[in-house]
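Convert by adding 6 to the 1-based position in the sequence shown; the result is the number in my numbering.
For glycine and all other residues, C-beta sits at the position ideal for the given N, C-alpha and C.
Please read these numbers as outputs of a predicted model, since none were measured by experiment.
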Amino acid sequence: MHSKSRKVLMLCNVGISAMYNFFSRNDDPQKEKKIVDKITNCYECRKKEMQDKTSFPFQDFANDVIKQLHPEKQSTLTEDFLCGNDNLKEKDLRKEHYPSAECQSIVGWLLDNANKNDQRMDLTIYFFPSKESVESKFTAGFNHLFLESKGMSLVFPNLNVNCKIHPLDIQVRTTENFFKSVDLLYKEYENIKKEYEGKNENIEIIINSTGGYKSISAYASLYGQINNIPLIYTFEKETRSIELTSLPISYAIGAMDEEISMLRGLNKIDPTYRSELKKKGNLPRWIESLFLGESNSNLIDILINQYDSGHYKLTGVGTGLINRLSEKNAPLGFYFKELVTGIWSELWIGDQIPETVEHSRRHSKRLMEIAENFFRSAETFFHTMQLDEDFPLALLTAAIYLHDIGHTAAIFPVDPQEKVQGHFPLGMFPSAVREIHHLLSYELIKFKSNDLFPPHDSFDNKSNTILEDIKRAVPFVCAYHRGYTPLRKNLNLEEFKKSGKKTIYEIASFLNEEKFEMSLKSLAEQIENKDFSEKQKKQIIKVTALLRLVDACDMQSDRTGSKTFLNARLKRTQTEAKALWTQLEHLLEILSENDKERTDLEKLINYIKTIRKAGESFSPQDAINGTLNPKTQKDIDETTKELYPLIFQVLKDTRENQSLNQLFENPKTSQIVFILSLINRIAFKWEQFIHFYKHRAIDFVLPVSNDTNNGIDIQILGNNNELLKKAKKEIDKEYAAVKDVLEELSFTVKTQCHKGGVK
């Protein structure tokens, strides 16, 4: 599983610590300068030759350096590394004193990270000595010599080290010097980061802040935090390198949002005028510090870019699963990261049913998080199932972000150019969108395929082929993510009608019975004659089963918001339901006498009155405290189950043999359609409020590893035992439906109830 080489890029500031391995503090400065010049010149002359360690007389060069060591500072460790002495294997390298702070921290980090699982590591180190400091440049050169020595190859046989030295004008004598130095360092970091990111390779970037000025190191740490890059640091006389893991934070988006226009403006205006404003002392202090005289700090561009990329993204994107994909296929990982942070992040602008619990990018992000927890908890199982490869990982990522896109469908058919049967405005019947959104997702993804998956110029043939396979496979995965859709065995239409899914049948058959009946065929049959390999066909079915299980686990309260949100949701639902009822009353008054006597319409009116009465009895305090009357909730649930299919039966009877467009061309039929729409919208608002209310009782759903290598425990924590049991039942039901596909996955759901209301 670890055959690929691990590629690491380390950015390392450089101090002057190596000097003290060559000189006593009482040495004559002229003597110091003479020796430093000799070694530095020797290094500069020979560093090109060093690249070929087979022909370069490394031993001679090492001896030249060793001779310059101060008698009181003689270090057998330095000699052992430079000469590649065998006794290195007998040393406890964690207890040794290294010739420089940088060498000490890097070797300490390598002792923890190299030689793991016999995986090769390619380590590229950029050293940034101070250009004006001979001692710092000397230390950088010595670090290069030490870290590419024979001894390093002896201690770390699976390691390939490539050192690069980039001297920078780093000074800290004045405040302006200091901030200019930080600016130069950031600019260098940015250039190197962009160079490597542009290679579409899976490269880890690490900042080593051990060496150099501590004030500069503090800003190196800040850069790591802003850009989500881990840092390492080693304390003096300690060999173990500690990793200062980058926290999941960015620059304070909220604070920047207060003054971003000022920052942008000052960045663009005339520098002389800006300096005058700065002298007046009435600019925000943090902004003032970013402008050095008439110069602009590179940090400004970094912060503005961070703001632009993070300011609309109130949630993550599911980085764990994307990183897993990147490990298997770096170009595909980069491509999908661009999609989920770009095109796909704004797919929900057209959501037709805002009444539902959240199905947008936050829902997708949570599914990415849950899926990654699944993989992390049962690595062996997913490897055995061949689901940890690039095709299934990319397919799962695409399906997670696109499976609910059907909620944005404005019309059916989704293609405005499809004229045969006309078009039906789905927004008038939100329950229809909700019930068949999986079929609408299938239609929309096929219709918008090229927009959703734009071509990528830098793909190799393998990645291009996988992308084309994903474009063809993902509509099927999304169409079969609903519980009733069969994965391996076809469904009989008559059996389906009796299965309690009456609403889905009535809606789908009203819009297009032929397309609906296609969804009763198993996924296996649908893809059987498609151009997929046998392995891919199995992976497509397994990914669909996994998506259904992951989707079932997203039921925690953050889909519904806080107490304030729930209170506002209830008040809004009550206000909007009353407004719709007022419109409905008017239309009912002007119905023809014949229509007023229709028993189906009379039944619908009675249903909606029951729902309306129940909804108006709810109080905000009961909603917040979790004390809504259970009988009233049940009335709404049971009444909507009878009301929805009847609405579409009436629509189907009203349509008869007409096209969908003709329903609106005839005044009589259009009046019926509008009445049915108002009934549907009122019922749907109250049904979905109950759905919000149920979610509020669940704090989180957490997948963790169980006692087997193939197992996952689902921990559900909440504040209402009855609702927790229902949540467990829903997840168990979905697992039972896909168990035969996921074969030997050991899967258990556990609940834990605590007292307390919505936070």
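Find the nearest neighbour of residue i within the set the options, judged by alpha-carbon distance.
i: Pro419; options: Glu519, Glu749, Ile547; result: Glu519
i: Phe522; options: Tyr486, Leu269, Ser539; result: Tyr486
i: Leu493; options: Leu151, Thr278, Thr550; result: Thr550
i: Asn379; options: Ser23, Val707, Leu15; result: Val707
i: Asp463; options: Lys274, Pro337, Tyr699, Thr754; result: Pro337
i: Arg488; options: Gln177, Asn183, Glu441; result: Glu441
i: Lys170; options: Glu154, Phe162, Ser159, Phe184; result: Glu154
i: Leu15; options: Asn208, Asn183, Leu117, Phe148; result: Asn208
i: Arg618; options: Phe690, Asp394, Lys425; result: Phe690
i: Thr605; options: Val656, Pro626, Asn631; result: Val656
i: Glu385; options: Leu327, Val178, Leu408, Thr414; result: Leu327
i: Lys527; options: Asn498, Lys508, Ile547; result: Asn498
i: Leu1; options: Ile213, Thr325, Asp189; result: For residue 1 there is no data in the structure shown, the boundaries of the chain being 7 and 765.
i: Leu393; options: Phe162, Thr509, Lys548; result: Lys548
i: Pro626; options: Asn335, Leu610, Pro436, Lys569; result: Lys569
i: His429; options: Ile417, Ile248, Lys143; result: Ile417
i: Thr403; options: Val426, Val556, Ser221, Lys425; result: Val556
i: Lys452; options: Lys543, Ser505, Phe482; result: Phe482
Which stretch, first to last residue, makes up the beta strand (DSSP E) that contains residue i?
i: Ile209; result: 209–214
i: Gly218; result: That residue, Gly218, is in no beta strand (DSSP E); it is neither H nor E in DSSP.
i: Val707; result: 704–711
i: Met16; result: 12–19
i: Ser515; result: Premise fails: Ser515 lies in the alpha helix (DSSP H), 508–524, not in any beta strand (DSSP E).
i: Cys109; result: First-last for Cys109: 107–119, but that is the alpha helix (DSSP H), not the beta strand (DSSP E).
i: Lys756; result: 752–759
Can you tell me the Cα-Cα spacing of residue i and residue j, whole angstroms?
i: Phe152; j: Ser187; result: 27 Å
i: Ser711; j: Ile737; result: 17 Å
i: Met391; j: Arg478; result: 22 Å
i: Gly763; j: Asn311; result: Low per-residue confidence applies at Gly763: pLDDT is 43, beneath 50, and the placement is therefore not dependable enough to give any value.
i: Leu480; j: Asp719; result: Going by the sequence as given, residue 480 is Val instead of Leu. Distance between the alpha carbons of Val480 and Asp719: 28 Å.
i: Glu138; j: Gly157; result: 31 Å
i: Ser469; j: Thr82; result: 51 Å
i: Leu634; j: Gln758; result: 22 Å
i: Ser223; j: Glu102; result: 24 Å
i: Tyr219; j: Asp475; result: 52 Å
i: Gly21; j: Asn149; result: 11 Å
i: Glu210; j: Lys13; result: 6 Å
i: Leu748; j: Ser515; result: 32 Å
i: Pro290; j: Gly271; result: 13 Å
i: Leu129; j: Asn119; result: 11 Å
i: Lys640; j: Arg554; result: 26 Å
i: Leu649; j: Asn612; result: 10 Å
i: Ile255; j: Met25; result: In this prediction, Ile255 scores a pLDDT of 49, lower than 50, which makes its location untrustworthy; the coordinate-derived value is nonetheless stated afterwards. C-alpha separation (whole angstroms): 38 Å.
i: Tyr225; j: Gly632; result: 48 Å
i: His172; j: His413; result: 53 Å
i: Glu500; j: Thr754; result: 33 Å
i: Leu751; j: Ile513; result: 35 Å
i: Phe397; j: Ile306; result: 40 Å
i: Ser437; j: Tyr341; result: 35 Å
i: Asn663; j: Cys559; result: 42 Å
i: Gly717; j: Leu331; result: 22 Å
i: Ile349; j: Asn456; result: 12 Å
i: Ser281; j: Ile275; result: 10 Å
Could you name the residues that DSSP lists as bridge partners for residue i?
i: Ile614; result: None, per the DSSP bridge assignment.
i: Asn166; result: Asp128
i: Asp92; result: The partner list for Asp92 (beta bridge, DSSP) is empty, contrary to what the question assumes.
i: Leu174; result: Ser136
i: Pro431; result: Ile417
Locate the alpha helix (DSSP H) running through residue i, then write down its first and last residues.
i: Thr633; result: Element bounds for Thr633: n/a, residue is neither H nor E.
i: Asp475; result: 467–485
i: Thr581; result: 569–595
i: Asp738; result: 727–744
i: Phe241; result: Looking at the DSSP string, Phe241 is not in any alpha helix (DSSP H), and its letter there is neither H nor E.
i: Leu160; result: 156–161
i: Gly717; result: Per DSSP, Gly717 belongs to no alpha helix (DSSP H); it is in the beta strand (DSSP E), 717–724.
i: Phe695; result: 673–701
i: Val188; result: 181–203
i: Glu424; result: Neither: Glu424 is in no alpha helix (DSSP H) and is coded neither H nor E.
i: Ala278; result: Just to set this straight, residue 278 is Thr in the shown sequence, not Ala. Per DSSP, Thr278 belongs to the alpha helix (DSSP H) from 277–286.
i: Tyr407; result: 396–408
Taking 8 Å as the threshold, find out whether the segment 571–591 comes into contact with the segment 694–709 through three or more Cβ pairs.
yes
Are three or more beta carbon pairs between the segment 586–601 and the segment 538–546 nearer than 8 Å?
no
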